[in-house]
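**Student:** Numbering (our numbering), first residue to last: 6 to 294.
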Ligand SMILES: C[S@@+](CC[C@H](N)C(=O)[O-])C[C@H]1O[C@@H](n2cnc3c(N)ncnc32)[C@H](O)[C@@H]1O
């Protein structure tokens, strides 16, 4: 049995999703009734202490980013189910994402993939919180740097000939270029029109000085957590790489587009800070061999 080691970055992200449920104004950007319960009582004090956006704008900025990207993924899934009859949802680098446990679509098969050690940790967190995922959920341990994602998915019953939406949130910056490309090559073979939602960050040198400092601060913290950032793109570099793999960009959303879609007219301080983060939605175009 793999040792159950938390992903510290996944925990910090989950704490922000949970803080959003408790501290931000209604309507929430991302309504997740399991975001607080999955963390269990050990984190209740820390959650209650989460400062408000007025005093800690950077913290509110990260929280806004985390909940906006989660909302975009689930909105994309809902639209794809309605228009493309999507039958599978693949969550890559799932961390403490709770979708599999609150899946409202009875016919949707959900596959969660994560690094083996945090994957076992999540199973323990779910058991401790008495949260039982419904039967169409499959949990698949994969290290994108070492394992064959395709073989592991296949062994778990994933069918790449079915229309699929893949969410890959908060993971790409932690990967090597080889792992990123190997994963995309697998996703590019999915049923044509299958969509992938992932976020990426602009390279440090393309950011204004103040944002370089914000990125430096975040980079130092994730490196201390043992999960350093290592992959950045400009939008044109990314577009070129996706094109070579047969993936078509449906949307590349910058901070202004995300704000316009999800964060206008709020009565709280929830707002994105800086322009470094982008969300990309891409679609497979080639029929599987
Ligand atoms: C910042 S967390 C994001 C978690 C989740 N997607 C969310 O938004 O809450 C990064 C996740 O990527 C996973 N990850 C990072 N490198 C990985 C790798 N090489 N193979 C598999 N998973 C990886 C970590 O285990 C962790 O769950």
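Cβ atoms here follow ideal geometry from the backbone N, Cα and C, with glycine treated the same way.
From residue 182 to residue 243, what distance separates their C-alpha atoms?
**Tutor:** Your numbering for residue 182 matches position 177 in the chain shown. Your numbering for residue 243 matches position 238 in the chain shown. Each residue's Cα considered, the two are about 11 Å apart.
**Student:** Is residue 102 a contact residue of ligand 1, with contact defined as CB to any heavy atom under 7 Å?
**Tutor:** Here the question's residue 102 lines up with position 97 in the chain shown. Checking the Cβ of residue 102 against ligand 1 gives yes.
**Student:** Within its chain, find whatever has a CB closer than 7 Å to the CB of residue 90; leave out the 5 residues flanking it on each side and keep chain order.
**Tutor:** One-based indexing of the chain shown puts residue 90 at position 85. Excluding residues within five positions, the ones whose Cβ falls inside 7 Å are 168.
**Student:** Under the three-state reduction of DSSP, which class applies to residue 279: helix, strand or coil?
**Tutor:** Locating residue 279 in the chain shown gives position 274, where the first residue counts as 1. Note: residue 279 maps to coil in three-state DSSP.
**Student:** Could you check whether residue 78 and residue 172 sit closer than 8 Å to each other, using their CB atoms as the reference points?
**Tutor:** Against the chain shown, residue 172 aligns to sequence position 167. Against the chain shown, residue 78 aligns to sequence position 73. Yes, these two residues count as a Cβ contact at 8 Å.
**Student:** Is there at least one non-hydrogen atom of ligand 1 closer than 7 Å to the beta-carbon of residue 46?
**Tutor:** The count along the chain shown starts at 1 and reaches residue 46 at position 41. Checking every heavy atom of ligand 1 against the Cβ of residue 46, none is found closer than 7 Å.
**Student:** Measure the alpha-carbon distance for residue 226 versus residue 14 and round it to whole angstroms.
**Tutor:** Against the chain shown, residue 226 aligns to sequence position 221. Against the chain shown, residue 14 aligns to sequence position 9. Answer to the nearest angstrom: the Cα atoms are 9 Å apart.
**Student:** Just the C-alpha distance for residue 65 and residue 82, rounded to the nearest angstrom, thanks.
**Tutor:** As a position in the chain shown, residue 65 is number 60, starting the count at 1. As a position in the chain shown, residue 82 is number 77, starting the count at 1. Residue 65 and residue 82: Cα-Cα distance of roughly 26 Å.
**Student:** With a Cβ-Cβ cutoff of 8 Å, do residue 222 and residue 252 count as a contact?
**Tutor:** Translated into positions along the chain shown, residue 222 becomes position 217. Translated into positions along the chain shown, residue 252 becomes position 247. No, they are not a contact pair.
**Student:** Looking only at its chain, what residues have a beta carbon closer than 6 Å to the beta carbon of residue 179, apart from the 5 residues adjacent to it on each side?
**Tutor:** Position 174 of the chain shown, counted from the start, is the residue given in the question as residue 179. The residues are 232.
**Student:** If we ignore side chains and look at the alpha-carbon of each, how far apart do residue 234 and residue 228 end up?
**Tutor:** Position 229 of the chain shown holds residue 234. Position 223 of the chain shown holds residue 228. Roughly 7 Å separates the two Cα atoms.
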